[in-house]
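Visitor:
2 protein chains.
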Amino acid sequence: MSFLNTPLDGDVPLAELHPSIDPGAEINASDYQIASSQESENEAEKESPDDVKPPPFNQATGEMPSTEEFSGHYEFSLLMGVGSVNDAKNVKKSWEYSLKMNKLYVKVGSAVPVSFKINNQLDWSDLKVRALLVYDNPDDARTPVERCSSHKDPSHKSNKDCPNVNHVLCCQHRNASYERDQYSGRYSVVVALGEPQAGATYATILYMLNCKSSCEGGISRRNTSIIFTLEKNNKVCGRHVVHVRICSCPKRDMNQEQEFLSCSTSSMLSRGKKRKLDHFGPIRIKSEGYPLPSLLPPLPVSSLNSDLPPQPRYEPLNYMEVSLHFFSLLYG
Amino acid sequence: MSFLNTPLDGDVPLAELHPSIDPGAEINASDYQIASSQESENEAEKESPDDVKPPPFNQATGEMPSTEEFSGHYEFSLLMGVGSVNDAKNVKKSWEYSLKMNKLYVKVGSAVPVSFKINNQLDWSDLKVRALLVYDNPDDARTPVERCSSHKDPSHKSNKDCPNVNHVLCCQHRNASYERDQYSGRYSVVVALGEPQAGATYATILYMLNCKSSCEGGISRRNTSIIFTLEKNNKVCGRHVVHVRICSCPKRDMNQEQEFLSCSTSSMLSRGKKRKLDHFGPIRIKSEGYPLPSLLPPLPVSSLNSDLPPQPRYEPLNYMEVSLHFFSLLYG
DNA sequence: ACACAAGTAC
DNA sequence: GTACTTGTGT
Ligand SMILES: [Zn+2]
Ligand SMILES: [Zn+2]
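Here it is, written out as structure tokens:
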């Protein structure tokens, strides 16, 4: 694990710094209750006569949010899985993070600590981090990620005393603000960073994902990413993106995808006869032949069309093949 | 296929008798609209002041409906899959029926023709057939079978203009009456048999199942059966039971279960080390060591405890093993 | 962690 | 129909 703006650092064992955080624990419903919500309980009553102020427009939750990463003036960076009892050998991991693929594999409802770092700013109090889940596939990129019907069911145990029934991506933080962009329909969760705890140089926030990637009628086996935007006065001043797969066997699935990545690098790519693992990982996507997935580390767009060796292609590359191709250009 | 009260008859090719019925067709939503419903639209308003008549109690939809088969005075019998273009070679089958296992394998939402036969009664008009879906496992036998949240979602395509959102088991018949037993909570569908069509000796009704056996939050991979009761004046005067599995690959799954049935008959049974196919078929059940499943042809209960050869058992037989055991006693 | 079940893409 | 994916029971 490493800060994403310095992605090739070695692992940083920081578990002992946060002994009180247990990311594997069940979601504590009472934490939700305290959370302030900027959503009205009834989403239908949006135009109450008193509420005439136009809701603020925010690029970060627009129809097609950018997934280009930049650290910005505050040198915004994040670190997955820091301060986690996850690192302890005796604790069963409920999530895995692959630095190589910049992808989080997590069980539904498990808390994942994400640590944010800021420089050039003494006062963090007006800095907020927004987390938004999006679909990777360009076909779906404009579709808000919604919870499936089963998980939205108020009688579902994950919704006990939980006002954020519609949010796949939630946050175990008492000041978390759950928002719905009424123009795009996207759900996101915003947290004020606050000061890092004494002696710490980053602030750690627990996130959890309350639908599976496979949830029928919801994500439906589509690939997703979390977009973290650093915001000040409703303006985006930093952005990072992490791939995420919510599944029952994070370790198995990560290993599977890593194995595919390594055994197929450049060998399987030039050939047609597409087979196993159509996309980045085993999740199959319906459409294929897409341009660069928006989730890999920022690439000059020109490379998409100009840097491809003009080898003969018998069928269009699918999502995964394109991902892998650019991945190998970057790291191979 | 054969009438169930004469289960070892040969196949009866009757497809040509009902050339107009296409069981493989998509559910026609408009058929639903005409169906009269005895359920109030809003299930909450049960005690409206005008509606003081106590709702009729019916054994057939009680907490623990009997699954014992009997043909009764009217020699009630049924036949699966009659009059079906399903029999034609060029039509892709959306369901399979195993006479050997008395089990229907069907894709979700596909119409399955079930033919009912009555004797000793010139006027069929006051005879009704109720169809009720129940769980086989005694642990769940008292639990009403409900649709899963996803399929109940009004925006789900299977619910277009369909008032019977809560019913897994539906019926393509314009006079179908959808009922909910307010004591047990069970959903059932009732059809007046009417006269058989000219030249026919049975009445054929199309049923469909609108959740999968695997539906999370619904049937959840539990085994189910359909109970067909012949009723006259709200009294049960005949009963037949058919196992049913609602799945994506009826043929594959039927073959799988048949294979297991044949290869394991008596060989695998006496041994512990239980593994593959815990239950009747591949659907795993949570609990095990149950008595006789209620769906096999009626057996003297005494046989359960007395006819078992007292072979040494290292672990309790699970549901499937018990099913298989009695199955082999009957037919083996 | 393994084996299997059961949906989905091709 | 085949192969693969991905949840579940053990
Ligand atoms: Zn879900
Ligand atoms: Zn369902």
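Residue numbers (the working numbering), protein chains in the order written: chain R, 1 to 332; chain U, 1 to 332.
Backbone N, C-alpha and C define an ideal beta-carbon position, used for all residues, glycine too.
#1: With DSSP as the reference, label R221 of chain U as helix, strand or coil.
#2: Okay, do the region 163-170 of chain R and the region 184-200 of chain R touch, 3+ Cβ pairs below 8 Å being the bar?
#3: Please list the residues of the region 212-246 of chain U that have a C-beta atom closer than 9 Å to any C-beta atom in chain R, keeping them in chain order.
#4: If you run the structure through DSSP and keep just helix, strand and coil, what is M208 of chain R?
#5: Mind checking whether the beta-carbon of N210 of chain U lies closer than 8 Å to any heavy atom of ligand 2?
#6: By how many angstroms is the C-alpha of L127 of chain U removed from the C-alpha of I205 of chain U?
#7: To which residues does DSSP link V244 of chain U through a beta bridge?
#8: Which runs of the beta strand (DSSP E) at least 3 residues long sit entirely within the region 120-173 of chain R? Give them in chain order.
#9: Taking only beta-carbon atoms, is V108 of chain U less than 9 Å away from chain R?
#10: Give me, in chain order, the residues of the same chain whose beta-carbon lies closer than 7 Å to that of D140 of chain R; leave out the 5 immediate sequence neighbours on both sides.
#11: Helix, strand or coil for F260 of chain U, going by three-state DSSP, please let me know.
#12: Just to check, is the beta-carbon of C215 of chain U closer than 8 Å to a non-hydrogen atom of ligand 2?
#13: Can you tell me whether DSSP reads M80 of chain U as helix, strand or coil?
#14: May I ask whether a heavy atom of ligand 2 can be found less than 8 Å away from the beta carbon of S150 of chain U?
#15: Exposed or buried, L122 of chain U, counting other C-beta atoms within 10 Å across all chains shown (16 or more means buried)?
#16: Specify the secondary structure class of K117 of chain U as computed by DSSP and reduced to three states.
#17: So which residues of chain R does S149 of chain U contact, with C-beta pairs closer than 9 Å?
#18: Return helix, strand or coil for R186 of chain R, following the three-state DSSP convention.
#19: Considering only the beta carbon of each residue, do K103 of chain U and M254 of chain U sit closer than 9 Å?
#20: Applying the criterion that 16 or more other CB atoms from any shown protein chain within 10 Å of the CB defines a buried residue, is N198 of chain U buried or exposed?
#21: What are the start and end residues of the beta strand (DSSP E) that includes E216 of chain R?
#22: How about V129 of chain U and V191 of chain U: do their beta carbons lie closer than 9 Å?
#23: So, for C148 of chain U: in the same chain, excluding its five sequence neighbours on each side, which residues have a beta-carbon less than 7 Å away from its beta-carbon?
#24: Taking the C-alpha atoms as reference points, what is the distance between S125 of chain R and C162 of chain U?
#25: Please work out which residues of its chain come closer than 8 Å, Cβ to Cβ, to F57 of chain R, disregarding the five sequence neighbours upstream and downstream, and give them in chain order.
#26: Going by Cα to Cα distance, which pick from R:G238, R:A203, R:L230 and R:V236 is closest to G81 of chain R?
#27: Alpha carbon to alpha carbon, how far is S77 of chain R from V236 of chain R?
#28: Enumerate in chain order the residues of its own chain whose CB-to-CB distance from A60 of chain U is below 6 Å, with the five nearest sequence positions on each side excluded.
#29: Nearest CA to the CA of S248 of chain R: which residue from R:E68, R:S94, R:P54 and R:E231?
#30: Does DSSP put A200 of chain R in a helix, in a strand, or in coil?
#31: I need the straight-line Cα distance from E146 of chain R to T224 of chain R, nearest angstrom please.
#32: So the candidates are U:K107, U:K157 and U:M64; which of them puts its Cα closest to the Cα of S213 of chain U?
#33: Report the option in R:N175, R:V244 and R:Y105 whose CA atom is closest to the CA atom of V134 of chain R.
#34: Three-state secondary structure (DSSP) at T229 of chain R?
#35: Do R180 of chain U and M64 of chain U come within 9 Å of each other at the CB atom, strictly closer than that value?
Guide: Concretely, from the data shown:
#1: R221 of chain U: coil per DSSP, three-state reduction.
#2: Verdict: yes, contact present.
#3: Residues are counted here when their Cβ sits less than 9 Å from a Cβ of chain R; for the region 212-246 of chain U these are C215, E216, G217 and G218, given in chain order.
#4: Under the three-state reduction of DSSP, M208 of chain R is assigned to strand.
#5: Result yes, Cβ under 8 Å from ligand 2.
#6: Taking the straight line from one Cα to the other gives about 14 Å.
#7: According to DSSP, which records beta bridges pairwise, V244 of chain U is partnered with U:L104 and U:T224.
#8: Secondary structure remark: continuous beta strand (DSSP E) runs of at least 3 residues inside the region 120-173 of chain R, in chain order: 127-135 and 169-171.
#9: Output row for V108 of chain U: interface = no.
#10: The answer, listed in chain order, is R222.
#11: The answer is helix: DSSP assigns F260 of chain U an H, G or I state.
#12: Within the cutoff, so yes.
#13: Residue state, collapsed to three classes: strand.
#14: Distances from the CB of S150 of chain U to the heavy atoms of ligand 2 include at least one below 8 Å.
#15: Result: exposed.
#16: DSSP places K117 of chain U within a strand segment (E or B) once states are collapsed to three.
#17: Near S149 of chain U (Cβ distances below 9 Å), the residues of chain R are C148, S149, S150, H151, K152, D153, S155, H156 and G217.
#18: In the structure shown, R186 of chain R sits in coil (DSSP, three-state: anything other than H, G, I, E or B).
#19: In this structure, K103 of chain U sits near M254 of chain U, with a CB-CB distance shorter than 9 Å.
#20: This sequence places Ala at residue 198 of chain U; Asn is not what is there. With fewer than 16 Cβ atoms within 10 Å of its Cβ, A198 of chain U is classed as exposed.
#21: That residue, E216 of chain R, is in no beta strand (DSSP E); it is neither H nor E in DSSP.
#22: Taking the C-beta atoms as reference points, V191 of chain U is found nearer than 9 Å to V129 of chain U.
#23: Here the set comprises C211, C215, E216, G217 and G218.
#24: Roughly 52 Å between the two C-alpha positions.
#25: Y183, listed in sequence order.
#26: Considering only R:G238, R:A203, R:L230 and R:V236, the residue with the shortest C-alpha distance to G81 of chain R is R:A203.
#27: Cα to Cα, the separation comes out at about 14 Å.
#28: R130, T229 and V236, listed in sequence order.
#29: If we check each option's Cα against that of S248 of chain R, R:S94 comes out closest.
#30: Coil.
#31: Distance between E146 of chain R and T224 of chain R, taken at the CA atoms: about 12 Å.
#32: Comparing Cα-Cα distances from S213 of chain U to each of U:K107, U:K157 and U:M64, the minimum goes to U:K107.
#33: Ranking the options by Cα distance to V134 of chain R, first place goes to R:V244.
#34: Looking at T229 of chain R - three-state DSSP - the assignment turns out to be strand.
#35: Cβ distance not < 9 Å, so M64 of chain U and R180 of chain U don't count as in contact.
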